[in-house]
Amino acid sequence: MSGSKGAIVGIGELKPQRLTSGVTTLEMIAEVSRLAVLDAGLEPAAIDGLLVGPQVGETPQHVPATIAEYLGLAPTMANVVDLGGASGAGMVWRAAAAIEAGMCEAVLCVLANNREETAPRSPNRNPIREFDVPFGASGANISYALLMQAHMAQYGSTARDFAMIAAAARANAQLNPDAIFYGKPADVEAVLASPMIASPLHLLEIVMPVAGGEAVVVTSAERARALRKPSVHLLGAGEKVTHRAVSQAPSLTSGPLKSAMARAFAQSGTQAGAMDLLSLYDCYTIMVATTIEDAGLCAPGGFGAWLNDHDLSHKGDKPLNTHGGQLGFGQPDLAGGMTHVVEAVRQLRGEAGERQIDKAGLALVTGNGATMSEATALVLGAA
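Counting from 1, position 104 in the sequence shown corresponds to residue 104 in the UniProt record's numbering; the numbering is continuous, with no gaps.
Given below as structure tokens:
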């Protein structure tokens with residue numbers, strides 16, 4: 001494809017589950033990597049690049065070396081991508097850039113985690129512990145509730161507006177047997193009736209943490225043409241990091257994805273309205289609302305009316321998170337952001353089965369880390 005900056009040629013995904021027993025994160029990484037390399041039609045020896053998350057449970061340091069050793073790889077490029085929920089999308093353009101720089105030819109990008117009954121704790125000396133937590137700003141729920149309150153105060157958006165996002169995610173999840181909420185739809189009334197966790201956030205507007213894993217294999221566009229499966233091309237990418245703690249955010253109603261998406265659209269010569277799939281990071285309903293507005297799909301404060309005017313299903317005019325998104329599929333830790341990449345690849349390949357979009361050609365994928373802090377956007381195109 002003209003303008004391709006690299007191609008995704010293989011994907012792997014583990015079915016999310018609430019808890020795991022007797023399995024390590026490294027084992028899960030190995031299995032999802034095997035699936036991705038097999039899907040690409042490559043031999044393991046062909047993988048000469050490796051991108052991983054910052055910590056894989058048992059391995060707080062030397063992560064790329066540990067995973068390379070475990071998988072039997074000897075990469076000529078290896079690195080950690082530490083962008084929270086934006087790590088998956090961030091890996092894709094870094095892989096393409098490394099290939100273009102001549103450092104490697106086929107990059108495995110992998111994120112996975114187990115989830116045991118008692119989660120391990122690790123020390124955190126981030127400044128947020130001194131300047132935010134003592135005043136009650138502890139944890140993601142509180143921080144995203146603050147963003148939601150700010151949006152409501154500035155624009156008059158309502159609880160029902162936000163609930164539509166969660167209900168749509170649950171509806172789409174009913175066509176994905178792997179989704180954690182498959183067989184468990186929830187309409188707007190059910191979302192609004194769910195317990196209030198951090199006002200104004202209801203329980204069903206918050207992701208369900210799960211165990212799971214995702215992986216993709218990225219090669220050059222030229223090499224992709226020689227492989228058996230249709231490839232999906234990276235046409236544009238953008239990234240922006242503005243803060244860590246929500247108290248330091250430049251804005252509470254617009255985030256760094258605005259800049260990241262604008263760059264991705266400029267590189268690809270596209271715009272938000274041209275996308276056949278919106279694969280938007282959705283840790284909380286407020287994140288989707290802000291992304292819709294920052295993408296330019298509607299004016300600031302207008303997401304509620306925009307939702308009312310569009311059908312978000314795979315048969316609709318604006319398919320959004322057709323796999324159920326994290327709100328319907330589940331959030332396997334940092335791999336949660338990679339689920340959006342994998343679903344976009346499936347749709348653009350025409351492999352989404354019952355939820356397949358008709359003639360999907362372009363997809364916007366977004367990733368978000370911390371509290372609307374670290375942002376990556378990709379525009380992907382079918383071969």
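We treat Cβ as the ideally placed atom computed from N, Cα and C, and that holds for glycine.
Keep in mind that this is a model prediction, so the values were computed, not measured.
Excluding the five sequence neighbours on either side, which residues of its own chain have a C-beta within less than 6 angstroms of the C-beta of residue i, listed in chain order?
i, result
"G72", "none"
"L307", "M164"
"R228", "G41"
"G381", "M1, H233, L235, L362"
"Q174", "P185"
"D187", "A167"
"P16", "I180, V210, G212, G330, P332"
"A352", "R346"
Closer than 8 angstroms by C-beta to residue i: which residues in its own chain qualify, once you throw out the five before and the five after it? Chain order, please.
i, result
"residue 396", "The displayed coordinates of the chain run from 1 to 383. Any statement about residue 396 would go beyond what the structure contains."
"S138", "D132"
"A299", "E293"
"S157", "H151, A289, G301, F303, G304"
Could you tell me whether the Cβ atoms of residue i and residue j are closer together than 9 angstroms?
i, j, result
"M208", "Q55", "no"
"V232", "V345", "yes"
"G49", "A78", "yes"
"T270", "G296", "no"
"A167", "V191", "yes"
"V379", "A264", "yes"
"G6", "A262", "no"
"I47", "P64", "no"
"A245", "T371", "yes"
"V37", "C109", "no"
"H314", "Q356", "yes"
"M148", "I286", "yes"
"R115", "L42", "no"
"N321", "A169", "yes"
"W93", "L234", "yes"
"L201", "Y284", "yes"
"L51", "V9", "no"
"A360", "P230", "no"
"G255", "N368", "yes"
"A112", "T242", "no"
State buried or exposed for residue i, treating a residue as buried only when at least 16 other CB atoms are found within 10 Å of its CB.
i, result
"G12", "buried"
"D317", "exposed"
"E239", "buried"
"P127", "exposed"
"D309", "exposed"
"D311", "exposed"
"E189", "exposed"
"T366", "buried"
"A145", "buried"
"E374", "buried"
"A193", "exposed"
"A89", "buried"
"T118", "exposed"
With a threshold of 7 angstroms on Cβ separation, who are the neighbours of residue i within its own chain once the five nearest residues in sequence on each side are excluded?
i, result
"I197", "N141, L203, I206"
"S199", "A145"
"A95", "G6, G49, L51, V107, C109, V218"
For this session: Scan the region 44 to 113 and note each continuous alpha helix (DSSP H) run of 4 residues or more that stays entirely inside, going in chain order.
Result: 63 to 71, 87 to 100
Exercise. Counting pairs of Cβ atoms below 8 angstroms between the region 271 to 287 and the region 315 to 327, do you hit three or more?
Worked result: yes
Problem set entry | Uninterrupted alpha helix (DSSP H) stretches inside the region 293 to 332 (no shorter than 4 residues) | 303 to 309, 325 to 329
Exercise. Quick check: the region 28 to 39 against the region 247 to 255, are there 3 or more CB pairs under 8 angstroms?
Worked result: no
Exercise. What are the start and end residues of each continuous alpha helix (DSSP H) run of 4 or more residues lying completely inside the region 171 to 232, in chain order?
Worked result: 188 to 193, 221 to 224
Exercise. Is the region 174 to 193 in contact with the region 334 to 341, if contact means three or more CB pairs nearer than 8 angstroms?
Worked result: no
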